[in-house]
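Here's the structure we're looking at; comments come further down.
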Amino acid sequence: MSDRGVQGERQIDGSLTRKLFYKKTKYDRIFIVISAFFFYCGYYFAKTVLPLHIKTLNGSDAIVGRTMAIISGAALATRWVAGTLQDKYGSKPFIVGAALCLAFVSLSYNFVESIQLLTVAAFFQGVAIGSFATIAMAQIVDGVESEIERTSALSFFSMSHLTAGSVAPWMALAMATTMGTGNILGWSAIWGLAAALPAFYLSPMPPKEYKDSTDISLGVSILGDKILVGACFCYFVWAISQGIIYSFLPLFSQARGITNAGVFFTSFALTNLIGRAFVKKLAVSIGSIRLVNISSFFIIISMCILSVAQNTYYLAVAGVIYGLGSTAIYPCLAGIATGRDQENMGLTIALFMSNLELGQMVGAFVLGNVASRRGYPVI
Numbered sequence: 003m004s005d006r007g008v009q010g011e012r013q014i015d016g017s018l019t020r021k022l023f024y025k026k027t028k029y030d031r032i033f034i035v036i037s038a039f040f041f042y043c044g045y046y047f048a049k050t051v052l053p054l055h056i057k058t059l060n061g062s063d064a065i066v067g068r069t070m071a072i073i074s075g076a077a078l079a080t081r082w083v084a085g086t087l088q089d090k091y092g093s094k095p096f097i098v099g100a101a102l103c104l105a106f107v108s109l110s111y112n113f114v115e116s117i118q119l120l121t122v123a124a125f126f127q128g129v130a131i132g133s134f135a136t137i138a139m140a141q142i143v144d145g146v147e148s149e150i151e152r153t154s155a156l157s158f159f160s161m162s163h164l165t166a167g168s169v170a171p172w173m174a175l176a177m178a179t180t181m182g183t184g185n186i187l188g189w190s191a192i193w194g195l196a197a198a199l200p201a202f203y204l205s206p207m208p209p210k211e212y213k214d215s216t217d218i219s220l221g222v223s224i225l226g227d228k229i230l231v232g233a234c235f236c237y238f239v240w241a242i243s244q245g246i247i248y249s250f251l252p253l254f255s256q257a258r259g260i261t262n263a264g265v266f267f268t269s270f271a272l273t274n275l276i277g278r279a280f281v282k283k284l285a286v287s288i289g290s291i292r293l294v295n296i297s298s299f300f301i302i303i304s305m306c307i308l309s310v311a312q313n314t315y316y317l318a319v320a321g322v323i324y325g326l327g328s329t330a331i332y333p334c335l336a337g338i339a340t341g342r343d344q345e346n347m348g349l350t351i352a353l354f355m356s357n358l359e360l361g362q363m364v365g366a367f368v369l370g371n372v373a374s375r376r377g378y379p380v381i
């Protein structure tokens, strides 16, 4: 038998072994959604209160923007590493490790009293979110070939994110007024530990079959896909608005004398959560691209309302409109992006999702410096 025939048999045997050993159970998507809910609760607890905590340490708006940019930058870099490692070695260890990393970092915030050490902790928080989000998303869409079905699966998965986004910011801001920002950041550790428990029961996603091409050549071929690049750019623009909101809305509300900025986060997340139930039908009826264009229009209106907000009513209305705009952005664009290269799912997801951190980094760092000079309404 020729060497090529022997190599072919080995590849077939290896593929069958992977399919048998890494066979998914019907509960996997439930486990990953539960784990994601706990993880994002901890993440939003920390992200919402961290700007206020920096202010208690006498940090400026520029330092707030820099710290939030460090979180986004660390997550951005980690996504590429996590996507590559997941393709090569599987997913389960990295999901559990990311949840434990978030727990450790969140606990350390309770003891950090200097801006320098807080910056280091913020870096590892970014590592945790970048790893978890990339690999959990790959776990959800693994084996789903239809674009509409991927959109539906991602809508289901994102409900954990949205539910956490509606509960955690409101709870964190309300508790921070009585317990102090440092203690609330420590509470995020509980959410991180809770996220690790269901992750232990996941069936590990198999590593992808080895290819002769290098990671660099794969990256070049992926970047040459115009549809994928277009989806990434749209997601990047939307992420800029999110970076501004999560970094500076609590501080903007304080400056305007608005007592509860959590109203915006709750109305935004609840509207987004309800809207996800209709995304699949809308994508089928009017098309994903047209749905994204309509959603972008709602985002613009919401940001305009926020710039002139005077009370919680403005925040609630802006949150609803922002939720209407955001509800289709992620599942539609992610559904398009993840279908472009099924064989290199981790790397494709890393490219797409890195735009979230890149956009948030631009929104937090660049516009944070603008806010320190010209005020919050300008940004």
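Here the sequence shown stands for residues 3 to 381, where the numbers follow the working numbering.
Think of the CB as a built atom: it goes at the ideal place given N, C-alpha and C, for glycine as much as any other residue.
**Message:** Would you say the beta carbon of Leu104 is closer than 8 Å to some non-hydrogen atom of the ligand FAD?
**Reply:** No copy of the ligand FAD appears in this structure; indeed no ligand is present at all.
**Request:** Taking the CB atoms as reference points, tell me whether Ile307 and Pro200 lie closer together than 9 Å.
**Result:** no
**Item:** Closest residue to Ala198 among Gly99, Met181, Val322, Leu52 (Cα-Cα distance)
**Value:** Gly99
**DSSP state of Gly182 mapped onto helix, strand, coil** = coil
**Message:** Given this structure, state the Cα-to-Cα distance separating Arg292 from Phe280, to the nearest angstrom.
**Reply:** One alpha carbon belongs to Arg292, the other to Phe280, and they sit about 15 Å apart.
**Cut-off 6 Å between Cβ atoms - residues of its own chain near Ser215, not counting five sequence neighbours on either side** = For Ser215, the predicted structure reports a pLDDT of 43, less than 50, and the residue's modelled location is therefore unreliable. A value from the coordinates is still provided. Correct list: empty, nothing qualifies.
**Message:** Looking at Ala263: is its Cβ nearer than 9 Å to the Cβ of Leu175?
**Reply:** yes
**Prompt:** Between the stretch 52–59 and the stretch 110–123, are three or more C-beta pairs nearer than 8 Å?
**Reply:** Using a C-beta cut-off of 8 Å, the stretch 52–59 makes contact with the stretch 110–123, since at least three inter-stretch Cβ pairs fall below that distance.
**Prompt:** Which two residues bound the contiguous alpha helix (DSSP H) that contains Gly264?
**Reply:** 264–278
**Request:** Within the same chain, show all residues whose beta-carbon is closer than 7 Å to that of Val319, passing over the 5 residues directly before and after it, in chain order.
**Result:** Ile307
**Request:** Decide if Ser162 is buried, meaning its Cβ has at least 16 other Cβ atoms within 10 Å, or exposed.
**Result:** buried
**Asked** Between Ser168 and Phe267, what straight-line distance do the alpha-carbon atoms span, to the nearest angstrom?
**Response** 6 Å
**Request:** May I ask you to report which of helix, strand or coil DSSP gives Leu220?
**Result:** Legend: pLDDT at Leu220 = 49, less than 50; position of this residue unreliable, value from coordinates given subsequently. Three-state DSSP puts Leu220 in a helix.
**Prompt:** Would you report the Cα separation of Gly75 and Val265, rounded to the nearest angstrom?
**Reply:** 28 Å
**Asked** By how many angstroms is the C-alpha of Arg152 removed from the C-alpha of Gln88?
**Response** 19 Å
**Item:** the stretch 116–133 contacting the stretch 296–315, beta-carbon criterion three pairs below 8 Å
**Value:** Taking 8 Å as the limit for Cβ pairs, the verdict is that the stretch 296–315 does not touch the stretch 116–133.
**Item:** Own chain, CB closer than 8 Å to Tyr203, minus 5 neighbours either side, in chain order
**Value:** Tyr29, Phe33
**Request:** Run the CB neighbour count on Asn274, radius 10 Å, all protein chains shown included, and call it buried at 16 or more, exposed below.
**Result:** buried
**Request:** Taking only the alpha-carbon atoms, compute the straight-line gap between Trp189 and Gln127 and give it to the nearest angstrom.
**Result:** Their Cα atoms are separated by approximately 14 Å.
**Request:** Find out if the Cβ-Cβ distance for the pair Ala271, Leu164 is shorter than 9 Å.
**Result:** yes
**Ala178 vs Ile338 beta-carbon contact at 9 Å** = Not in contact: Ala178 and Ile338 (Cβ atoms no closer than 9 Å).
**Prompt:** With DSSP run on the structure shown, which of helix, strand or coil describes Gln141?
**Reply:** helix
**Local Cβ density within 10 Å of Met181, reported as buried at 16 or more and exposed below that** = With fewer than 16 other Cβ atoms within 10 Å, it is exposed.
**Message:** Within 8 Å, do at least three Cβ pairs link the stretch 353–361 to the stretch 247–264?
**Reply:** no
**Item:** Residue nearest to Arg2 in terms of C-alpha spacing, selected from Ala330, Ile288, Ile247, Ile142
**Value:** Summary: the structure shown does not reach residue 2, with the chain confined to residues 3 through 381, and so no result is reported for it.
**Pairwise C-alpha distance: Leu187 and Arg6** = Any reading at Arg6 must be qualified, since the residue scores a pLDDT of 47, below 50, and its modelled position is unreliable; the value itself is stated next. Going by the C-alpha atoms only, they are around 57 Å apart.
**Asked** When you compare only the Cα positions, how much space is there between Leu230 and Thr69?
**Response** Approximately 30 Å between the Cα atoms of the pair.
**Asked** Nearest to Ile72 by CA position, among Val122, Ala101, Val51, is which residue?
**Response** Of Val122, Ala101, Val51, the residue nearest in Cα terms is Val122.
**Asked** Of all the options Phe367, Met173, Ala101, Ala105, which has the alpha carbon lying nearest to the alpha carbon of Ala138?
**Response** Ala101
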